[in-house]
Structure formats: structure tokens, C-alpha cells
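A.B. asks: Letter by letter, the sequence shown follows residues 1 to 112 of full-length UniProt numbering.
No residue lacks a Cβ here, since even glycine has one placed at the ideal position from N, Cα and C.
For clarity, every value in this text was computed on a predicted model and none was experimentally measured.
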Amino acid sequence: MDDISFDDFLKVDVRCGVVTRAEHFPQARKPAIKMWIDFGDEIGERRSSAQVTAHYEPEALIGKQVLAVVNFPPRQIGPFMSEVLVLGLPDATGEIVLITPDSEVPKGGRLH
């Protein structure tokens with residue numbers, strides 16, 4: 001993997017948001033959940049599709065704080081436009097676990 005500069009890192013805008021709505025995404029090629037995430041007044045609500053069905057049910061995601069990259073271009077995933085990239089890490093079997101703050105933080109807070 002190539003080294004990047006600190007200025008490169010600063011270009012990636014990672015923010016905290018709260019999931020306001022979530023539902024299964026049966027049209028996705030791999031099992032996924034559609035999420036609507038509120039990033040506060042500055043950014044507003046954005047949508048994302050995430051392959052997190054091994055660890056999460058849509059109703060359990062409501063109210064959960066998640067981290068996402070908010071400055072990638074939108075990406076069409078089947079009939080759904082994903083506007084942010086929700087961040088996660090693979091567990092021991094490769095299934096994605098969402099990255100969340102361990103204490104509540106304000107919506108829209110930027111990762112430092």
C-alpha cells in the first residue's frame with residue numbers, strides 16, 4: 001500500500017451520523033441494508049447501502065451512530081443511489097461490523 005500525506009488524509013471527510021431509517025435491500029447483488037443517515041444541519045440526511053446483514057437487522061440500526069465518508073461521489077447500486085460510504089471492519093469471518101463512537105457525539109462531527 002502506498003503512503004499518503006496528511007493533506008491527502010484531510011481530503012477524506014468522515015462524519016458521524018444517526019441512522020433514521022433502514023430497510024432490507026433485496027435488489028442488491030449481495031445481501032445489504034439501505035440506510036438513511038442524519039448528519040445534522042450542515043450536511044443533512046444522506047443515503048447508503050451497506051453489506052452488514054450478518055450482524056444487523058434494519059430495525060436495530062435505527063438511532064445508531066455510524067461513521068461514513070460523506071464526500072465521495074454518489075454511486076448507483078441497482079435502483080438505489082448511495083450517497084455516503086458507511087465504514088466498517090471485517091470480523092474473523094469477513095462479515096462487516098460498523099464503526100461507531102463509544103460515546104454519543106454530535107451529528108455531523110468530523111473524524112480527526
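1) Using a Cβ-Cβ cutoff of less than 7 Å, which residues in the same chain neighbour His24 once the five nearest sequence positions on both sides are dropped?
2) Quick one, which of Val66, Leu67, Val84 and Phe6 has its alpha-carbon nearest Pro73's?
3) Suppose the cutoff is 6 Å on Cβ atoms and the five residues either side in sequence are ignored; what does the same chain contact list for Gly109 look like?
4) Taking Val105 as the reference, which of Asp91, Glu95, Ser48 and Gly63 has the closest Cα?
5) Alpha carbon to alpha carbon, how far is residue 125 from Met1?
C.D. replies: Result, derived from the coordinates:
1) Start at 1 with the first residue of the sequence shown, and residue 24 comes out as number 24. Result list for His24: Ile33 and Pro58, in chain order.
2) Within the sequence shown, the letter at position 73 stands for residue 73. When each option's Cα is compared against that of Pro73, the closest is Val84.
3) Working through the sequence shown from its first residue, we reach residue 109 at position 109. Same-chain partners within the cutoff: Cys16.
4) The sequence position of residue 105 within the sequence shown is 105, counting from 1. When only C-alpha atoms are compared, the closest one is Gly63.
5) Past the edges of the chain, shown from 1 to 112, lies residue 125, and the structure says nothing about it.
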